[in-house]
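Structure, as structure tokens:
There are 2 protein chains.
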Amino acid sequence: MATEIQLDSIDIRVLRALQENGRITYDELADKVSLSSSAALRRVKRLEEAGVIARYVALLKPESVGLGLTAYLNVRLEKFTATHKRNPMDSFRAAVQTWPEVVECSALTGEMDYLLCVVVADMAHYSRFVLDTLLSHPSVQDCKTSFVLDRVKRTTALPI
Amino acid sequence: MATEIQLDSIDIRVLRALQENGRITYDELADKVSLSSSAALRRVKRLEEAGVIARYVALLKPESVGLGLTAYLNVRLEKFTATHKRNPMDSFRAAVQTWPEVVECSALTGEMDYLLCVVVADMAHYSRFVLDTLLSHPSVQDCKTSFVLDRVKRTTALPI
DNA sequence: CTTGAAATTTTTTATGC
DNA sequence: GCATAAAAAATTTCAAG
Numbered sequence: 001m002a003t004e005i006q007l008d009s010i011d012i013r014v015l016r017a018l019q020e021n022g023r024i025t026y027d028e029l030a031d032k033v034s035l036s037s038s039a040a041l042r043r044v045k046r047l048e049e050a051g052v053i054a055r056y057v058a059l060l061k062p063e064s065v066g067l068g069l070t071a072y073l074n075v076r077l078e079k080f081t082a083t084h085k086r087n088p089m090d091s092f093r094a095a096v097q098t099w100p101e102v103v104e105c106s107a108l109t110g111e112m113d114y115l116l117c118v119v120v121a122d123m124a125h126y127s128r129f130v131l132d133t134l135l136s137h138p139s140v141q142d143c144k145t146s147f148v149l150d151r152v153k154r155t156t157a158l159p160i
Numbered sequence: 001m002a003t004e005i006q007l008d009s010i011d012i013r014v015l016r017a018l019q020e021n022g023r024i025t026y027d028e029l030a031d032k033v034s035l036s037s038s039a040a041l042r043r044v045k046r047l048e049e050a051g052v053i054a055r056y057v058a059l060l061k062p063e064s065v066g067l068g069l070t071a072y073l074n075v076r077l078e079k080f081t082a083t084h085k086r087n088p089m090d091s092f093r094a095a096v097q098t099w100p101e102v103v104e105c106s107a108l109t110g111e112m113d114y115l116l117c118v119v120v121a122d123m124a125h126y127s128r129f130v131l132d133t134l135l136s137h138p139s140v141q142d143c144k145t146s147f148v149l150d151r152v153k154r155t156t157a158l159p160i
């Protein structure tokens, strides 16, 4: 799972194909990488076991499940002082995991501490999230929002 | 593919399961949503045809394919003037599609025009991307980078 | 130590109820 | 919606390079 493994050019082609289509059959995959289907299977299993392939997922179209608004939020946390029972960072990170609207959260270099990507139904939902959830959290000092006007590119495929 | 379809509570549970595991078998899925496997299949096919399920993909662990550095870049484009042969916006959007390092690109509200998420091997690779590719593009005026220190949360699962 | 062909098991898909 | 059956795919086995 955690061990670094050596990837040859066939592995890379297998991974590219699976990033493109996670449900490709071993016959099709074998064709693409010029191997037999059993050899293709063995490659895939090895990559799964080594943790190179983390998981397989279905990707949904946000609008078709009623999620029409995406926003990026730069969040700044409170400084850690003796008055706090708990480290604001730990507290915030734990909270983020429980907020379903947050689909991405990264700690960043620069002035703002965290960048969040939030997916919601509409502006009313967004407003409720920021006021009742995010800014109500004791670790959060302030945030700045940018709304997504247009998703120009979005891929889960890593550049390999 | 584009038509809005009505989703009932079983559809939602099917979608949740598939966002979790895109390779779940229809038997397992049927169990989870308390349906027969053929009924589960029909639900999934309907959701695929309606475009609710966009695709199935494998997700890779970035570090295991040698991609250790992620950055968010706020990009500002040149204003459109008569000197330009082409609208900078169109030109930039087309270019972004061809840059494999860019895994996300969104047009945003606010001062900066675009937010890019860029995945690279290391700082040398990042530097080359910014200097030789991004800033060399005629449509790009300037950019500000924030590096990802830690991915606190990252999910492809939409909050349904 | 990896491959590929064939055999076997499991899953997917179509059909009738 | 379900159960069954046929087709397809995944997985195992095993002989060979």
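Chains as they are written, first to last, in full-length UniProt numbering: chain A, 1 to 160; chain B, 1 to 160.
Heads up, the beta-carbon is just placed ideally off N, CA and C, and yes, glycines get one too.
These numbers come from a predicted model, not from an experiment.
Contact under 7 Å by Cβ, residue i with residue j
i, j, result
"B:L135", "B:D113", "no"
"A:Y56", "B:R93", "no"
"B:L18", "A:A58", "yes"
"A:L69", "A:D122", "yes"
"A:R154", "B:E104", "yes"
"B:L115", "B:V102", "no"
"B:T109", "A:S146", "yes"
"A:L67", "A:V119", "yes"
"A:V96", "A:C143", "no"
Status (buried if at least 16 other CB within 10 Å, exposed otherwise) for residue i
i, result
"B:D11", "buried"
"B:I5", "exposed"
"A:R128", "exposed"
"B:S36", "exposed"
"B:N43", "It should be pointed out that residue 43 of chain B corresponds to Arg in this sequence rather than to Asn. Under this definition B:R43 is a buried residue."
"B:A124", "exposed"
"B:L131", "exposed"
"B:S9", "exposed"
Per DSSP, cross-strand counterpart(s) of residue i
i, result
"B:Y72", "B:C117 and B:S146"
"B:K153", "A:C105"
"B:R55", "A:L59"
"A:L77", "A:V140"
Integer Cβ distance of residue i from residue j, believed to fall under 8 Å
i, j, result
"A:P100", "B:P100", "Rounded, the Cβ-Cβ distance is 31 Å, inconsistent with contact."
"A:L151", "B:S106", "It should be pointed out that residue 151 of chain A corresponds to Arg in this sequence rather than to Leu. That pair is a contact at about 5 Å."
"B:R13", "B:V33", "5 Å"
"B:V65", "A:L149", "Wrong, their Cβ atoms sit about 32 Å apart, outside the cutoff."
"A:A157", "A:E20", "7 Å"
"A:L126", "A:A71", "The identity of residue 126 of chain A in the sequence shown is Tyr, whereas the question assumes Leu. Yes, they are in contact, since the Cβ atoms of A:Y126 and A:A71 sit about 6 Å apart, within 8 Å."
Residue i beta carbon near the ligand MG (any heavy atom closer than 6 Å)
i, result
"A:K79", "Summarising the ligand content, the structure contains no ligands, and the ligand MG is consequently not present."
* To do: Determine which residues of the stretch 15-39 of chain A have a Cβ less than 8 Å from any Cβ of chain B, and write them out in chain order.
  => L15, L18, Q19, E20, N21, G22 and R23
* According to a CB-to-CB cut-off of less than 7 Å, which residues of the stretch 129-149 of chain B neighbour chain A? -> Near chain A, meaning a CB-to-CB distance below 7 Å, the residues of the stretch 129-149 of chain B are S146, F147, V148 and L149.
* Asked: For the stretch 95-117 of chain B, which residues have a beta carbon sitting closer than 8 Å to at least one beta carbon of chain A?
  -> Contacts with chain A (Cβ-Cβ distance below 8 Å) from the stretch 95-117 of chain B involve V96, Q97, P100, E101, V102, V103, E104, C105, S106, A107, L108, T109, G110, M112, Y114 and L115, listed in chain order.
* What residues from the stretch 61-81 of chain B come within 7 Å of chain A, judged by C-beta to C-beta, listed N to C? -> K61, P62, S64, V65, L67 and Y72
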